[in-house]
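Each residue of the sequence shown is one higher than the last, beginning at 257 in the numbering used here.
Idealized CB from N, CA, C, for every residue including glycine.
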Amino acid sequence: MSKTNAPAGKARKQRGAPNGPAAKLLSSAPRPTVAGLFAGVGGLEAGFQAAGYQTAMLCEIDAAARQVLESRFVGARVESDVRSLGRLPPCTVLTAGFPCQDLSQVGRRQGITGPNSGLVQVLFNLLKNRRQCPEWVVIENVPFMLNLHGGSAIRFIAAELESMGYAWAYRTVDAQAFGLPQRRRRVILIASRDHDPRPVLLGQDAGAPEAKPRGAHACGFYWTEGNTGLGWAVDAIPPLKGGSALHIPSPPAIWFPRRRLIAMPSIEDAERLQGFTAGWTSSTGDPTRESRGKRWRMVGNAVSVPMAKWIARRLATPSDSYDASEAAALPETGGWPGAAWSFGRKRRSVAVSEWPVSSTHSHLASFLEYPVVPLSKRATTGFLSRLRKSSLRHASEFAEDLAHHAENAD
């Protein structure tokens, strides 16, 4: 694996983050650049931009999302289809939150060769066709891909990267670790032909906190469910998603036990729950119901901005050392664990938590800044009916407040 064992400390120090010891270096050194494939509304790239990176290029197939990118990343080149790129622009970091529809637990489950998720092959083709590759590649997707079809997706990605001489490390990370009240688990994979990605992604671990008791906290759930699951989250919302099991973009609901209220967050607070500024996806200026549905879909498909900012800072000022003494061999068959790495022709699993840091957590009820939207009588009654017919465990107070809300809702 060429260059992988070469010390890169001096080169790395030229790419400082805007805060901390390396902040002064950004004024005298060229700003590191980021290019984003499958960019959505720019969650990954917004995090990198907040950490001092310059956005060189963004590529996104969805026209509404491209409109957001053009308004939020002024001056960046915006392309429409990764299959038409031909080559990558010069960049320090290449980001790729490739489509998850075929890898998601609630998606089609066709796997890495499905029509959407299979587009990751375009990423590898672009890397193969480039003489001078980016220093870092950052890939993001859902944790279910680690086990779907015996882990075939992560095995395919690992093999493709290794065939090109990349060292890689991946880790399942919960966006709650960065202070936002949204439970959002994602696999982050970092790869490089020049540097060791292990200290960047695996060298920091705050450990998962103890489960929070429900108490009087607001609790998030998905009102479109109720048969086999709730998406339950204490003092947080479940993961925002681009669509329900019926492929209809919809917000989660929140139970406010102090007020006996069942309501949905506004789209502006949903944007904030992803780390964007309120109104990030409002660039179209279209107030119609169809436009609101598009905004929910775009926000649900986005990457948490604070998580991306943490990655960007880790790449800008990484450590040169990593203790691999407790790593274990990866399984020959079946799914892969929540974190692993490949370096120096070795593949290993590693026991780290999904919380690399533990930022001050905002309580869900106090985090919300915009008026909530009470869940309709029809939606509440339908969810309560499904819940009562199911065998799902739930607090009796929750069912009582659902019934109370249904009686008083419009």
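Open item on the list: Any contact between the region 505-518 and the region 628-644? By contact I mean 3 or more CB pairs, one from each, below 8 angstroms.
Closed with: yes
Open item on the list: Since ALA558 and VAL297 should fall inside the 8 angstroms C-beta cutoff, what is the C-beta to C-beta distance between them, to a whole number of angstroms?
Closed with: 5 angstroms
TODO: Give the straight-line distance between the Cα atoms of GLU301 and GLU663, rounded to the nearest whole angstrom.
DONE: 45 angstroms
Task: THR637, enclosing alpha helix (DSSP H) - first and last residue - done: 633-645
Open item on the list: Can you tell me whether PHE354 is helix, strand or coil according to DSSP?
Closed with: coil
Open item on the list: Using only the alpha-carbon positions, how far apart do ASP337 and ILE317 sit?
Closed with: 5 angstroms
TODO: State the DSSP-derived secondary structure class of LEU282, mapped to helix, strand or coil.
DONE: Low confidence applies to LEU282: its pLDDT is 43, below 50, so where it sits in the model is not reliable, and the reading given next is rough at best. The answer is helix: DSSP assigns LEU282 an H, G or I state.
Open item on the list: Could you compute how far the alpha carbon of ALA306 sits from the alpha carbon of PHE532?
Closed with: 11 angstroms
- [ ] Would you give the residue range spanned by the alpha helix (DSSP H) that LYS565 belongs to?
- [x] 561-572
- [ ] Compute the distance between the beta-carbons of ARG553 and ALA492, then report whether it is under 9 angstroms.
- [x] no
Open item on the list: Which residues does DSSP list as the beta-bridge partners of CYS475?
Closed with: VAL490 and TRP511
Task: Three-pair Cβ contact test at 8 angstroms for the region 614-630 versus the region 420-437 - done: yes
Open item on the list: Pull the bridge partners of THR311 from the DSSP assignment, please.
Closed with: VAL290
- [ ] Determine the DSSP secondary structure at LEU502, reduced to helix, strand or coil.
- [x] Residue placement at LEU502 cannot be trusted, given a pLDDT of 46 that sits under 50; what the coordinates show is reported in the next sentence. DSSP places LEU502 in coil when its eight states are reduced to three.
Open item on the list: Less than 9 angstroms between the C-beta atoms of ALA472 and ARG516, yes or no?
Closed with: no
Open item on the list: Beta-carbon within less than 6 angstroms of LEU350's beta-carbon, same chain only, minus the 5 sequence neighbours each way: which residues are those?
Closed with: ALA291, PRO390 and VAL393
TODO: Would you kindly work out how many angstroms separate the C-alpha atoms of ALA332 and LEU325, rounded to a whole number?
DONE: 9 angstroms
Task: SER283 versus THR311 - alpha carbon distance - done: Reliability of the predicted coordinates at SER283 is poor, the pLDDT of 46 falling under 50, and no value is obtained from them.
Open item on the list: By the DSSP assignment, the alpha helix (DSSP H) with GLU396 in it spans what residues?
Closed with: That residue, GLU396, is in no alpha helix (DSSP H); its beta strand (DSSP E) goes 392-397.
- [ ] Within 10 angstroms of the Cβ of ALA651, are there 16 or more other Cβ atoms? Answer buried if so, exposed if not.
- [x] exposed
Open item on the list: Ignoring anything shorter than 3 residues, give me the beta strand (DSSP E) runs that lie fully in the region 399-483, in order along the chain.
Closed with: 423-430, 441-448 and 475-477
TODO: Can you give me the Cβ contacts of THR537 inside the same chain, cut-off strictly under 7 angstroms, excluding the 5 residues immediately before and after it?
DONE: VAL297, VAL324, GLU527, ARG551, MET554 and VAL555
Task: Own chain, CB closer than 6 angstroms to SER615, minus 5 neighbours either side, in chain order - done: PHE434 and GLY435
Task: Cβ contact check for the region 417-427 and the region 596-604: 3 or more pairs under 8 angstroms - done: yes
Task: Where TRP592 falls: helix, strand or coil (DSSP) - done: coil
Task: Beta-bridge partners of ALA302, as assigned by DSSP - done: Bridge partners of ALA302: none, in fact.
Task: Beta-carbon spacing of ASN483, ARG328 below 9 angstroms - done: no
Open item on the list: Please return the same chain residues whose Cβ sits closer than 8 angstroms to the Cβ of PRO465, not counting the five positions on each side in sequence.
Closed with: TRP611 and SER614
Open item on the list: Alpha carbons only, please: which of GLY342, MET401, ARG411 and GLN432 is nearest the one belonging to LEU586?
Closed with: ARG411
Open item on the list: Less than 7 angstroms between C-beta atoms, sequence neighbours within five positions excluded: which residues of the same chain meet that for ASP430?
Closed with: ARG439, ARG440, ARG441, GLU610 and TRP611
Task: Buried versus exposed, by CB contacts within 10 Å (16 or more), GLU582 - done: exposed
Open item on the list: Cutting at 6 angstroms between CB atoms, please list the residues of its own chain near SER747, excluding the five before and the five after it.
Closed with: For residue 747 there is no data in the structure shown, the boundaries of the chain being 257 and 666.
Open item on the list: Measuring straight from C-alpha to C-alpha, what distance separates SER577 and ARG449?
Closed with: 17 angstroms
Open item on the list: For LEU640 and GLU481, what's the separation of their Cα atoms in angstroms?
Closed with: 10 angstroms
Open item on the list: For ALA447 and GLN432, I'd like the C-alpha separation in whole angstroms.
Closed with: 24 angstroms
Task: Where GLU656 falls, given that 16 or more other Cβ within 10 Å makes a residue buried - done: exposed
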